[in-house]
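One gets the numbering used here by counting positions in the sequence shown from 1 and adding 6 to each. Every residue, glycine too, gets a C-beta built ideally from N, C-alpha and C. All figures in this text were calculated on a predicted structure; none of them were measured in a lab.
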Amino acid sequence: MLRRSGRRSKKAGEEEEEEKPMENGVSPEQGATEALPEVGRAGDGAPAACSQPSPRVRPRLVFHTQLAHGSPTGKIEGFTNVKELYAKIAEGFGISPTEILFCTLNTHKVDMQKLLGGQIGLEDFIFAHVRGETKEVEVTKTEDALGLTITDNGAGYAFIKRIKDGSIMNLVQTVRVGDSIEAINDQSIVGCRHYEVAKMLRELPRARPFTLRLVQPKRAFDMIGQRTKSSKCPGEGKVASGKETLRLRARGTASLEEVPSAWEEEAARRVDDLLESYMGIRDVELASTMVEVARECLSPAEFAKSLDSVLGEFAFPGEFVAEVWAAISGAKGGRK
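Structure representation (structure tokens):
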């Protein structure tokens with residue numbers, strides 16, 4: 007069930023009748039007890055006992071969506087997490103949810119700065135990138151780091167979010183940002199989280215060739231993805247519009263929340279940078295969750311304990327947790 011928190015912004019369509027769909031609007035005076043119907047008023051002769059409160063109308067969050075390589079526009083609603091979001095998109099276009107590699111917001115291009123992460127603005131337009139051609143590449147690991155930043159779609163597919171300039175993988179021209187990693191040395195990694203895939207790649211022995219099976223997103227003629235991006239992406243993870251966002255969580259249901267404050271966005275960006283440098287992954291949702299945990303803590307020790315209770319499966323090293331706390335505290339100290 008979607009929960010609304012924070013202030014409510016007025017949306018278009020609030021005056022529509024209750025039986026009409028409301029796209030990301032709310033019923034009049036949402037969250038308050040609705041007025042009684044106009045019966046039983048003094049002078050009309052109707053008994054007051056007949057007055058009954060009308061049922062409260064729940065807000066309907068409706069998002070527009072297209073397949074990134076081209077399709078009619080569809081509408082989706084009624085999802086509470088990423089897997090359900092993909093299922094709704096797939097149902098609308100008559101495809102399998104496993105065909106969807108990832109989604110971008112407000113652009114059909116393979117733009118990792120517009121990647122759908124843990125938040126969707128109420129006015130954001132969702133583009134679903136689906137499976138295209140499969141390819142295999144053989145690479146010899148001559149250095150410990152391959153130069154890849156890995157993320158995942160929250161529904162079973164890990165894919166390449168960044169390729170570092172001058173790295174081993176940057177020299178392999180057939181490997182591109184947006185490619186989903188389906189198998190490493192014929193071992194399927196479908197269903198693995200991005201940090202698990204990054205760990206597998208780090209642990210591959212040096213001076214020995216290995217094979218990656220990749221699936222590239224289906225592309226329209228004008229979709230040219232960038233092969234490399236700077237590790238600094240100030241706009242990454244931000245939603246495009248709206249004072250409220252739909253927050254999609256790895257655990258639990260989605261909720262309507264206020265847009266994060268400036269210091270929280272800066273803290274999440276710093277933590278995301280640390281995730282990339284320590285683990286070879288970027289994950290705005292994970293970074294935002296760590297900021298949320300830190301917000302309720304008063305000391306590094308309390309933060310480490312809380313982080314372990316919420317994200318214990320990551321087994322973050324102590325020195326990394328200390329750097330995360332310092333990064334968040336620095337952003338909080340510099341807030342306006």
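Relative to the C-alpha of E144, which candidate in G124, I174 and G162 has its C-alpha closest? I174
Three-state secondary structure (DSSP) of L210: coil
What residues in its chain sit with their C-beta under 6 Å from that of Q72, if we drop five residues either side in the sequence? T79 and F133
Taking 8 Å as the threshold (C-beta atoms), are V290 and G76 in contact? no
Could you work out which residue in E83, L218 and S186 is closest to I126 when comparing CA atoms only? E83
Starting from F99 and walking both ways along the alpha helix (DSSP H), at which residues does that stretch end? V88 to F99
Is Y163 closer than 8 Å to I287 when the C-beta atoms are compared? no
Verify whether the separation of the beta carbon atoms of T146 and P215 is less than 8 Å. yes
Run through the stretch 88-167 for me and flag every whole beta strand (DSSP E) of 3 or more residues, listed as ranges in chain order. 106-111, 125-127, 132-146 and 154-158
Counting along the chain, where does the beta strand (DSSP E) carrying T71 start and finish? F69 to L73
Over the uninterrupted beta strand (DSSP E) stretch that includes A189, give me the two end residues. S186 to I190
For a quick check, are the C-beta atoms of L280 and V299 less than 8 Å apart? no
Residue from D130, T155 and F99 with nearest C-alpha to Y284: T155
Do you know offhand how far V68's Cα is from E188's? 32 Å
I need the boundaries of the beta strand (DSSP E) containing K81, first residue and last residue. G80 to I82
Which value, in whole angstroms, describes the spacing of the CA atoms of E97 and A226? 22 Å
With P223 as the anchor, note down where its alpha helix (DSSP H) starts and where it stops. Careful: P223 lies outside any alpha helix (DSSP H), inside the beta strand (DSSP E) at P215 to P223.
Using the three-state DSSP reduction, which class does L304 fall into: helix, strand or coil? coil
C-alpha distance - R208 paired with D150, whole-angstrom precision: 7 Å
Indicate the three-state DSSP secondary structure (helix, strand or coil) for S77 in the structure shown. coil
Suppose the cutoff is 6 Å on Cβ atoms and the five residues either side in sequence are ignored; what does the same chain contact list for C109 look like? L122, I132 and A134
Shortest alpha-carbon distance to T269 belongs to which of H70, L218, A321 and V297? Reading the sequence as shown, one finds Trp at residue 269 and not Thr. Comparing Cα positions, the closest option is V297.
By DSSP, does V32 sit in helix, in strand, or in coil? Low per-residue confidence applies at V32: pLDDT is 42, beneath 50, and the placement is therefore not dependable, though the value from the model is reported in the following sentence. In this structure, V32 counts as coil in the three-state DSSP scheme.
Straight-line gap, S267 to V203 (C-alpha atoms, nearest Å): 32 Å
For the putative contact between V136 and S186, defined by C-beta atoms under 8 Å, what is the C-beta separation to the nearest angstrom? About 11 Å; that fails the 8 Å criterion.
With a threshold of 7 Å on Cβ separation, who are the neighbours of M118 within its own chain once the five nearest residues in sequence on each side are excluded? K167, R168, V183 and K235
In or out: E139 buried (at least 16 other Cβ within 10 Å) or exposed? exposed
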